[in-house]
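For reference, the structure is listed below as structure tokens.
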Amino acid sequence: MFKLDGGLSTALENNGNKLTTSLWTGELIRTNPAQIMKAHLDFINAGAQIIITSSYQLSYTGAGVRGWSEDETNQALIASTALAKKAVTDSGKDVKVAASVGPYGASLADGSEYKGNYGVSKKELKDFHARRLEVLISTSPDYLALETMPDTFEVEVLLELLSDCPIPFWVSYSCKEGNQTNAGQSFQSAVDLAQSAMAVGINCTKPELITDLLRSAKSNKPYVVYPNSGRVWDAKNKVWTGSAAVGFSNDLIRQWVEAGAEIIGGCCGIGATEIAQLNLK
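Here the UniProt record's numbering is used: position 57 in the sequence shown is 57, and no number is missing along the way.
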């Protein structure tokens, strides 16, 4: 059983940072990398055994819209792993680093990672992901986290690109009611697709949906689970709306473990305080 960290953007905001651009945490890699490290350390000190890098929102197209050159994007991707590794070294603890690989929809900065069905070709998705994956793999993280994936079509492309990947990776989907991915595929089919991964599961999804999703599928690989706090993303105003009343109850965690979850943490809205309170025993 491994404790994952929480939402990096949440930890950064809790430390007083304003994340208002389309690159979210990725912006701070260049403007205030010390804050990225501090957020990583907050999670490590909260007991996280795996931390996820700040590369989720970084892509050549997304960073290009912000005026970054390709070389600046390369350097930021490299730095995202370096900052996480430095935080681990400074902590003196045995913590693994997972390089975040966000979906195509994240680069659009319009909430598309919660919808899927982008209307783009397989070639466009392959071109979007290939170079970024190559750079992230070159940084030698312990794992790759293919996360907040709304659509099995995109995951198919990623799995092809990672067919001979030397680094273990997990695939986690963003999901909705009805035991479906946000693009509408059954969670069972999504799990079946990702059996070459070290783990498969769900992230940035309401916690109250997780148990039924996990129970709806059978997997030969362990589940990874890191839901958000239960709120809904308002892409236009770039804020989370609604109550976060559900959170991580011990009862929910027990259900996830019984269903096969072996890596558990949090996503958006879950900070270091909540990760410290997460009891996996």
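Backbone N, C-alpha and C define an ideal beta-carbon position, used for all residues, glycine too. From a predicted model like this one, the values you see are computed outputs, not experimental measurements.
Let me know the secondary structure DSSP gives Gly266 once reduced to three states.
coil
Among the residues of its own chain, which have a CB less than 7 angstroms from the CB of Asn14, if the five just before and after it don't count?
Gly271
Would you say the region 218-226 touches the region 196-204, given that touching needs at least three Cβ pairs under 8 angstroms?
yes
Give a yes or no on contact between the region 101-109 and the region 145-154, applying the rule of three or more CB pairs nearer than 8 angstroms.
yes
Give the secondary structure of Leu133 by DSSP, where H, G and I count as helix, E and B as strand, and everything else as coil.
helix
Are the C-beta atoms of Pro168 and some chain B residue less than 7 angstroms apart?
As a matter of chain content, chain B is missing from the structure shown, which is built from one protein chain.
Determine the burial state of Gln35: buried for a count of at least 16 other Cβ atoms within 10 Å of its Cβ, exposed for fewer.
buried
Enumerate, from N- to C-terminal direction, the unbroken alpha helix (DSSP H) stretches of 4 or more residues contained entirely within the region 9-89.
Segments of the alpha helix (DSSP H) lying fully in the region 9-89: 25-31, 33-45, 60-65.
I need the boundaries of the beta strand (DSSP E) containing Leu252, first residue and last residue.
That residue, Leu252, is in no beta strand (DSSP E); its alpha helix (DSSP H) goes 250-258.
Could you give the C-beta distance for Val95 and Ala48, rounded to a whole number, given that I count them as a contact under 8 angstroms?
7 angstroms
DSSP state of Gly144, grouped into three classes?
The sequence given here places Leu at residue 144; Gly does not occur at that position. Leu144: strand per DSSP, three-state reduction.
Return yes when the C-beta of Ser216 is under 6 angstroms from any heavy atom of the ligand SAM, and no when it is not.
Summarising the ligand content, the structure contains no ligands, and the ligand SAM is consequently not present.
Near Val191, which residues of its chain fall below 6 angstroms by C-beta distance, leaving aside the five closest residues on each side in sequence?
Val200, Ala217, Ser219
From the DSSP output, in three-state form, read off Ser186 for me.
strand
Between the C-alpha atoms of Cys165 and Gly269, what's the straight-line distance to the nearest angstrom?
31 angstroms
Since I believe Phe169 is in contact with Leu162 (beta carbons under 8 angstroms), could you give me their beta-carbon distance rounded to a whole number of angstroms?
6 angstroms
Helix, strand or coil for Ile167? Go by DSSP, reduced to three states.
Three-state DSSP puts Ile167 in coil, outside helix and strand.
Would DSSP call Ala272 helix, strand or coil?
helix
Since Ile275 and Gly265 should fall inside the 8 angstroms C-beta cutoff, what is the C-beta to C-beta distance between them, to a whole number of angstroms?
6 angstroms
Please look up how many angstroms separate the CB atoms of Leu28 and Leu12, rounded, as I've assumed it's under 8 angstroms.
7 angstroms
What does the alpha-carbon distance come out to for the pair Gln188 and Gly116?
Straight-line Cα distance between these residues: approximately 17 angstroms.
By alpha-carbon positions, which one of Thr53, Asp212, Asp142 ends up nearest to Leu83?
Thr53
Just the Cα atoms here: how many angstroms apart are Glu262 and Gly62?
Distance between the alpha carbons of Glu262 and Gly62: 33 angstroms.
Buried or exposed: where does Arg132 fall if 16 or more other Cβ atoms within 10 Å of its Cβ makes it buried?
Result: buried.
In its own chain, which residues sit with a C-beta less than 8 angstroms from the C-beta of Thr73, not counting the 5 before and 5 after it?
Leu58, Ser59, Tyr60, Ala63, Gly64
With a Cβ-Cβ cutoff of 7 angstroms, do Leu8 and Ala39 count as a contact?
With contacts defined as CB atoms closer than 7 angstroms, Leu8 and Ala39 qualify as a contacting pair.
Do Cys267 and Cys175 have their C-beta atoms closer together than 7 angstroms?
no
Could you check whether Leu125 and Val157 sit closer than 7 angstroms to each other, using their CB atoms as the reference points?
yes
I'd like to check one pair, Gly178 with Pro207: are the Cβ atoms closer than 7 angstroms?
When the beta-carbon positions are compared, Pro207 and Gly178 stay at least 7 angstroms from each other.
Val97 to Thr25, Cα distance in whole Å?
17 angstroms
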